[in-house]
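Undergrad: Residue numbers (my numbering), protein chains in the order written: chain A, 10 to 181; chain B, 37 to 245. In this text, a Cβ means the ideal position worked out from N, Cα and C, and glycines have one as well. All values reported here derive from a predicted model rather than from experimental measurement.
#1: Indicate whether at least one CB of chain A lies closer than 7 Å to the CB of residue 206 of chain B.
#2: Give me the Cα-Cα distance between residue 50 of chain B and residue 58 of chain A, rounded to the nearest whole angstrom.
#3: So that I know if they touch, is there some Cβ in chain B lying closer than 7 Å to that of residue 126 of chain A?
#4: Which of helix, strand or coil does DSSP assign to residue 157 of chain A?
#5: Determine the DSSP secondary structure at residue 36 of chain A, reduced to helix, strand or coil.
#6: Excluding five sequence neighbours on each side, which residues of the same chain lie with their C-beta closer than 6 Å to the C-beta of residue 17 of chain A?
#7: Does any residue of chain A have a CB that is nearer than 7 Å to the CB of residue 48 of chain B?
#8: To the nearest angstrom, how far is it from the Cα of residue 69 of chain A to the Cα of residue 32 of chain A?
#9: Which chain A residues sit within Cβ distance under 9 Å of residue 95 of chain B?
#10: Do you know offhand how far residue 83 of chain B's Cα is from residue 116 of chain B's?
#11: Interface residues of chain A around residue 44 of chain B at Cβ under 8 Å?
#12: Please report the Cβ distance between residue 104 of chain B and residue 66 of chain B, rounded to the nearest whole angstrom; I am assuming they are in contact, meaning their Cβ atoms lie under 8 Å.
#13: Does any residue of chain B have a CB that is nearer than 7 Å to the CB of residue 83 of chain A?
#14: Could you round the C-beta distance between residue 105 of chain A and residue 174 of chain A to whole angstroms and report it? I think they count as a contact, below 8 Å.
#15: Residues in its own chain within less than 8 Å of residue 120 of chain A by CB, not counting five upstream and five downstream?
#16: Thinking residue 171 of chain A and residue 42 of chain A are a contact (beta carbons under 8 Å), I'd like their distance in whole angstroms, please.
#17: Can you find at least 3 beta carbon pairs, one from the segment 126-136 of chain B and one from the segment 132-139 of chain A, that sit closer than 8 Å?
#18: Any beta-carbon of chain A closer than 7 Å to the one on residue 137 of chain B?
#19: Where do the N-terminal and C-terminal ends of the beta strand (DSSP E) with residue 10 of chain A fall, by residue?
#20: Between residue 108 of chain A and the rest of its own chain, which residues show a CB-CB distance below 8 Å, the 5 nearest in sequence each way excluded?
#21: Tell me which residues share the same chain as residue 100 of chain B and place their Cβ nearer than 7 Å to its Cβ, disregarding the 5 neighbours each side in the sequence.
#22: Can you find a C-beta in chain A that's less than 7 Å from the C-beta of residue 202 of chain B?
#23: What do you get for residue 211 of chain B, buried or exposed, if any count of 16 or more other CB atoms within 10 angstroms of its CB means buried?
#24: If I'm right that residue 52 of chain A touches residue 166 of chain A with Cβ under 8 Å, what's the distance once you round it to whole angstroms?
#25: Using a Cβ-Cβ distance cut-off of 7 Å, determine whether residue 162 of chain A contacts chain B.
#26: Does residue 43 of chain B come out as helix, strand or coil in the three-state DSSP assignment?
#27: So, for residue 121 of chain B: in the same chain, excluding its five sequence neighbours on each side, which residues have a beta-carbon less than 7 Å away from its beta-carbon?
#28: Which first and last residues belong to the alpha helix (DSSP H) in which residue 188 of chain B is found?
#29: DSSP puts residue 108 of chain A in a beta bridge; with which residues?
#30: Buried or exposed: where does residue 47 of chain B fall if 16 or more other Cβ atoms within 10 Å of its Cβ makes it buried?
#31: Kindly list, in the order they appear in chain A, the residues whose Cβ is closer than 7 Å to that of residue 88 of chain B.
#32: Consider the Cβ of residue 113 of chain B: report whether some Cβ of chain A lies at a distance smaller than 7 Å.
#33: In the DSSP assignment, the alpha helix (DSSP H) including residue 200 of chain B goes from what residue to what residue?
#34: Excluding the 5 residues preceding and the 5 following residue 97 of chain A in the sequence, name in chain order all residues of the same chain whose CB lies nearer than 7 Å to its CB.
#35: Any beta carbon from chain E within less than 7 Å of residue 122 of chain B's own beta carbon?
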């Protein structure tokens with residue numbers, strides 16, 4: 010899985026600028042954890058096969074200063090990895106966004122769908138350094154999204170951890 | 037422009053606004069959020085007119101409500117949030133929209149506080165009260181009692197009265213501290229503590245709570 014695929018894939022709901030921002034955040038988080046292109050990412054949930062993450066974007070001083078807020082970088086870095094993973098491992102092809110209190114909601118959809126019709130909500134969470142926190146975070150997210158069961162809305166929960174790269178991608 | 041194009045334009049502007057916030061340009065960000073709101077509202081209006089599908093309409097209107105809030109267009113945000121609640125939404129999204137309505141009322145309460153005259157303090161009661169949309173008698177009374185006690189202490193200090201370790205404040209201080217209670221919206225609880233005769237008795241304490 011190459012991080013820059015998010016730029017090439019021409020995702021309808023994500024402009025080139027946003028895709029580039031997401032891509033940079035993923036590279037920043039992985040580089041700050043001293044990982045190099047080709048690092049293995051453990052996967053749990055819908056697919057247990059590990060993924061190899063590759064990137065060509067250079068981690069520069071300028072990039073480091075631009076993304077100095079680690080919390081923000083982790084959040085958007087996790088969004089980047091989650092979108093790529095969703096595009097690789099689910100039947101969905103389109104990502105749309107909608108506004109929520111703190112940023113954006115991400116939606117996975119099919120090519121022929123109109124906007125959010127039949128869309129699945131992608132709930133993303135990022136952890137910069139805390140392998141042990143992953144399970145608890147997944148449970149917390151499942152509990153939150155669980156409230157929407159009665160509407161038949163599909164939801165995926167994705168928790169990305171950067172220190173020992175892993176993704177827990179669970180279908181609710 | 038098609039619905040999707042309008043919606044995508046709104047999201048791009050919101051992205052730009054988020055970027056401006058990170059750069060510290062709050063005024064510019066506010067303008068961009070307002071522009072994004074116009075596009076999102078337009079996308080919703082067309083979707084509703086064409087009866088696209090109710091869920092998409094609900095997501096668009098919810099999104100518009102949050103953009104209007106970010107742009108500090110509270111009346112618009114309230115309108116959109118209420119419209120969103122009239123649609124079929126998943127429960128967790130309903131909770132999000134209700135919290136947004138709560139935030140709108142809270143923000144308005146704080147704005148009003150700035151317009152209060154000097155001898156009034158408006159206290160917004162947050163926490164359990166906010167989430168349950170109802171307040172038990174004790175929830176309000178206990179907090180108001182604490183506040184009036186502190187106010188009486190402050191008034192005594194400003195009047196250079198001797199420090200009181202226990203017992204009631206003196207009659208003249210007690211007289212100037214009275215409160216009346218107002219609930220401004222169904223989801224926002226506020227209490228106004230009015231310090232009557234404050235100018236005559238001593239200088240008014242800071243209008244902060």
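TA: A quick look at the data gives this:
#1: No, because no Cβ of chain A sits closer than 7 Å to the Cβ of residue 206 of chain B.
#2: Cα to Cα, the separation comes out at about 36 Å.
#3: Residue 126 of chain A has a beta carbon lying within less than 7 Å of a beta carbon in chain B.
#4: Bear in mind that the predicted position of residue 157 of chain A carries a pLDDT of just 48, short of 50, making it too unreliable to give a figure here.
#5: In the three-state scheme derived from DSSP, where H, G and I count as helix and E and B as strand, residue 36 of chain A is classed as helix.
#6: The beta carbon of residue 17 of chain A sits closer than 6 Å to no other beta carbon from its chain once the five residues preceding and following it are set aside.
#7: Interface with chain A (7 Å Cβ-Cβ cutoff): residue 48 of chain B is included.
#8: Taking C-alpha positions only, residue 69 of chain A is separated from residue 32 of chain A by approximately 14 Å.
#9: Chain A residues near residue 95 of chain B: 105, 107, 114, 116, 124, 125 and 128.
#10: Each residue's alpha carbon lies about 14 Å from the other.
#11: Those are 21, 22 and 24, listed as they occur along chain A.
#12: Separation of the CB atoms of residue 104 of chain B and residue 66 of chain B is rounded to 11 Å, and the pair is thereby denied contact status at 8 Å.
#13: By the rule that beta-carbons nearer than 7 Å mark a contact, residue 83 of chain A does not touch chain B.
#14: Actually they do not touch by this definition, with Cβ atoms about 27 Å apart.
#15: Correct list, in chain order: 102 and 103.
#16: That belief holds up - the Cβ atoms of residue 171 of chain A and residue 42 of chain A are roughly 5 Å apart, short of 8 Å.
#17: Judged by Cβ distances under 8 Å, the segment 126-136 of chain B makes no contact with the segment 132-139 of chain A, as fewer than three pairs qualify.
#18: With respect to chain A, the C-beta atom of residue 137 of chain B has no partner C-beta closer than 7 Å.
#19: Taken as a continuous stretch (DSSP letters only), residue 10 of chain A belongs to no beta strand (DSSP E), as it is neither H nor E.
#20: The residues are 114.
#21: Contacts found: 73, 76, 77, 80 and 116.
#22: Residue contact with chain A for residue 202 of chain B: absent (no Cβ-Cβ distance below 7 Å to any residue of chain A).
#23: Label assigned to residue 211 of chain B: exposed.
#24: Contact doesn't hold; Cβ gap of about 14 Å is too wide.
#25: Taking Cβ atoms only, chain B reaches closer than 7 Å to residue 162 of chain A, which makes this a yes.
#26: Correct three-state label for residue 43 of chain B: helix.
#27: Spatial neighbours of residue 121 of chain B in its own chain (CB-CB distance under 7 Å, excluding positions within 5 residues in sequence) are listed in chain order as 130 and 133.
#28: Element bounds for residue 188 of chain B: 173-194.
#29: The partner list for residue 108 of chain A (beta bridge, DSSP) reads A/113.
#30: Residue 47 of chain B comes out buried.
#31: The contacting residues are 123 and 124.
#32: Not closer than 7 Å to any Cβ of chain A, the Cβ of residue 113 of chain B fails to qualify, so no.
#33: It is not in any alpha helix (DSSP H) - residue 200 of chain B carries neither H nor E in the DSSP assignment.
#34: Taking C-beta separations shorter than 7 Å and ignoring five residues to either side along the sequence, the partners of residue 97 of chain A in its chain run 10, following chain order.
#35: In the displayed structure, chain E is absent; the protein chains listed are A and B.
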